[in-house]
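Heads up, the sequence shown is in this note's numbering, so the first residue is 3 and it goes up one at a time. Backbone N, C-alpha and C define an ideal beta-carbon position, used for all residues, glycine too. Okay, structure first, notes after.
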Amino acid sequence: MNNKLEVIGIDHGWSMMKTISQVFVTGVKEITTTPALFGDVLEYEGKFYKVGTVRQEVKDT
């Protein structure tokens, strides 16, 4: 098991997420199966997430 802690600073605004080296659409969607291609995919706690999918709808509060 890898116990190395990695901190990633982000700015998640209204429609774009920004890191030190990347800018992408804020949409993130869980993938229920192991992806065939790992481009723009985050693996976290045994689950896979596609980053940069369709932006979530803004709801009035």
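Nearest to residue i by alpha carbon, out of the options?
i   : options            : result
E32 : I22, E47, W16, V25 : E47
Q24 : W16, I10, F40      : I10
T36 : F50, M18, L44      : F50
V27 : A38, F40, D13      : D13
Are residue i and residue j touching if we call contact CB-CB under 7 Å?
i   : j   : result
G54 : D42 : yes
Span of the beta strand (DSSP E) holding residue i?
i   : result
F26 : 25-27
E45 : 43-46
K6  : Premise fails: K6 is in no beta strand (DSSP E) and is neither H nor E.
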